[in-house]
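Number of protein chains: 2
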Amino acid sequence: MSRSTALKKSPIQSVSNADHKGIYIVSPSSAVAEEKVLTRGVQRLEKMGFKVVLDRDVLARDQRFAGTDSQRLAVFDRAVKQKLPIVMASRGGYGVTRLLPHLNWAALANSGKRFVGQSDFTAFNLALLAKTGLVSYAGPTVCYDFGAAKTEILTTEIFGEVMRGELEILSFESEKADPIDCRGILWGGNLAMITALIGTPFMPKIKGGILFVEDVGEHPYRVERMLNQLAQAGILGKQKALILGGFTEYKLAEHDRGYDLNAAIEFIKQTVKIPVIPGLPYGHTPMKVTLPIGAKVGVATEDGIAHIVLDEHLDEM
Amino acid sequence: MSRSTALKKSPIQSVSNADHKGIYIVSPSSAVAEEKVLTRGVQRLEKMGFKVVLDRDVLARDQRFAGTDSQRLAVFDRAVKQKLPIVMASRGGYGVTRLLPHLNWAALANSGKRFVGQSDFTAFNLALLAKTGLVSYAGPTVCYDFGAAKTEILTTEIFGEVMRGELEILSFESEKADPIDCRGILWGGNLAMITALIGTPFMPKIKGGILFVEDVGEHPYRVERMLNQLAQAGILGKQKALILGGFTEYKLAEHDRGYDLNAAIEFIKQTVKIPVIPGLPYGHTPMKVTLPIGAKVGVATEDGIAHIVLDEHLDEM
């Protein structure tokens, strides 16, 4: 993987040099399992130069959740009112979809905060886009990424670059990528969460977009079933490209007899004729890029390399 | 569980006494794992008095599927053309959703066959209802139910009674059932397959219906997420009742801290205020009733017992 960066303002939202230096940490999904992991993540972020403030309920717990629904809703109210520009999830898990009907979308839109998270947080990323058009970020979480015993340096560096608006082009190896050179709205995240929004008011209606997906612990037949639902719902066929992140922690069985993730993707390609770009370093993996959800980007492939162009000078599409 | 039966014609489709005696067995989903299990299932059905004919590709195999998509599509063409009135799936698994856009719905509707299956087959049950209005059946499969080393006698008896149109009322223990006395279209099946159809042309648009659901190997938070999607998509709130079948083969974790299936259902009840009737003997369990999907039924609860009335004399709803 390589990346082109420049010391310039973000293509997404203009922020001053100071503005991107503060992170407010929230727990909108499952409860933080180990406080020491969160603490280690905070220390890493501080070493990177970020000012970090923990929401007061960041360690709250109610059953499997990081507090009751009311508590987790109040988290967003506080996140909007506080001063730091970045709001990062402590972790994923489950819980955001319960909150969606009750969030104050106007306040979230007006806040201009940069919300960052992954997995369950995909539901928030996409609902925010659907309800307000505000760009937010698929990227690392405090516990999983910054709090890991051994951190993936590229994950943390790219997060910093994207927050500072320095990342112009993200390039990654993509064997067997379909030839493409296009522009569109980048959207996606965790596939199970994307499909969990189909038919609801929280699913963005995006045509000519660039959809990226990843998942964990889902057998390829379930990945196929989810992508097939997106196809049959008329969503996948309206996108210009499908970018595949990591699909990890599943087990093939003897009775699969050669059926695997490639077979699933081949079926989807035959079904909707969409260009597919594998190899995005994003998923439930230590290596993960930070990507703007809802931003216009360019995507091109050549010689086994794919490029995502996060550039403010893209023409209107 | 108890049931009231009568020697009368089906409330669903009128068949002669002879007509209900033949079963054509097909494999539209995953490949049959063991031929001897299928054979044992056929023998049990024959002992019950059914004439049984195996589709020629019932043991076909392509990767994890019971043949290629073309092969499995041709199965339905043959099932429609042959003479026997009942078409039963050999097993579930995965594969039906791949076929849905290519099925000949007019031929299926005109056939008047009684299609029976479960799990992956739910996608066919519901798509058939959406596309044609034809009633089909959630019920046993050849391998899982009739081919089991030890068969659940009630499962096989009730299947026979429903096929003969003898079953009038199905009653089952339902502790903590909400009070209800209503009528509506009965629909549902496997929850993962129901949600996999949301947003597609294969999802029936049913208002005032009675939805029954079951699933296997899904943690309660995933069951909740699926039911919540049905709620947020405006589907669950339009139903008169939610009937819960079996939810089996999942493991709660220490970090669930008391969150369980009851907690999930309580959340859903708070969200959509729908009467919930637990305890339906249907699911990935040896004991399973056979239910008409798309038929008008009555549902009532009293004193810890729920009744599903499969009666042709129900008034128009």
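Chains as they are written, first to last, in my numbering: chain Y, 82 to 398; chain P, 82 to 398.
For glycine and all other residues, C-beta sits at the position ideal for the given N, C-alpha and C.
How many Å lie between I324 (chain Y) and R153 (chain Y) at the Cα? Approximately 32 Å, taken between the alpha carbons.
DSSP three-state label for D262 (chain P), please. Strand, per DSSP.
Contact belief for I349 (chain Y) with Y218 (chain Y) at Cβ below 8 Å, rounded distance in angstroms: Not a contact, Cβ separation roughly 26 Å.
Looking at the C-beta of A30 (chain Y), does it have a partner C-beta in chain P at a distance below 8 Å? In the structure as shown, chain Y begins at 82 and stops at 398. Residue 30 (chain Y) is therefore absent and cannot be evaluated.
Based on DSSP bridge pairs, tell me the residues matched to F253 (chain Y). Y:A387
Note down the Cα distance separating V297 (chain Y) from T366 (chain P), rounded to an integer number of angstroms. 28 Å
Could you check what DSSP says for I316 (chain Y) in three-state terms: helix, strand or coil? coil
Grab me the residues of D201 (chain P)'s own chain with a C-beta within less than 7 Å of its C-beta, minus the 5 sequence neighbours each way, in chain order. S110, G173, G174, Y175, G176, V177, M274
Taking 8 Å as the cut-off, does the stretch 108-125 of chain P touch the stretch 160-172 of chain P (at least 3 CB pairs, one atom from each stretch)? yes
Residue of Y:G326, Y:D143, Y:Q124, Y:K377 minimising C-alpha distance to G289 (chain Y): Residue Y:K377 is the option with its Cα nearest to G289 (chain Y).
Is the Cβ-Cβ distance between S85 (chain P) and I250 (chain P) less than 8 Å? yes
By the 10 Å Cβ neighbour count, where 16 or more other Cβ atoms means buried, how is A314 (chain P) classified, buried or exposed? buried
Mark A345 (chain Y) as exposed unless 16 or more other C-beta atoms lie within 10 angstroms of its C-beta, in which case mark it buried. buried
Note down, in chain order, each residue of its chain lying with its Cβ closer than 6 Å to the Cβ of A204 (chain P), except the 5 sequence neighbours on either side. V177, T178, M274
Tell me whether N185 (chain Y) sits in a helix, a strand or coil according to DSSP, three-state version. coil
Of all the CB atoms in chain Y, is at least one closer than 8 Å to the CB of A344 (chain P)? At a cut-off of 8 Å between C-beta atoms, A344 (chain P) counts as an interface residue with respect to chain Y.
For R121 (chain P), report the span of its alpha helix (DSSP H) as first-last. 116-128
Buried or exposed for T329 (chain P), please, with buried defined as at least 16 other CB atoms from any protein chain shown within 10 angstroms of its CB. exposed
Three or more C-beta pairs closer than 8 Å, one from the stretch 233-240 of chain P and one from the stretch 185-192 of chain P: is that the case here? Because the criterion of three Cβ pairs below 8 Å is not met, the stretch 233-240 of chain P and the stretch 185-192 of chain P do not touch.
Please name the residue in P:R145, P:I316, P:L180, P:G339 whose C-alpha comes closest to that of A312 (chain Y). P:L180
Report buried or exposed for H336 (chain Y), applying the criterion of at least 16 other Cβ atoms within 10 angstroms of its Cβ. exposed
Beta carbon proximity, T382 (chain P) to chain Y, threshold 8 Å: no
Same chain, Cβ closer than 7 Å to T276 (chain Y), neighbours up to 5 away in sequence not counted: M307, Q310, L311
If you compare alpha carbons, which of P:K212, P:M82, P:P356 is closest to P282 (chain P)? Distance check between P282 (chain P) and each of P:K212, P:M82, P:P356 places P:K212 closest, using alpha-carbon atoms only.
Close beta carbons around K102 (chain P), own chain, < 7 Å, minus the five adjacent residues each side: G130, F131, K132
For I287 (chain P) and P356 (chain P), believed in contact at Cβ under 8 Å, the rounded distance: With 8 Å as the limit, P356 (chain P) and I287 (chain P) do not qualify as a contact, their Cβ atoms being about 16 Å apart.
Give the single residue among Y:G364, Y:E247, Y:R145, Y:P166 whose Cα lies nearest to the Cα of D392 (chain Y). Among Y:G364, Y:E247, Y:R145, Y:P166, the Cα nearest to that of D392 (chain Y) is on Y:E247.
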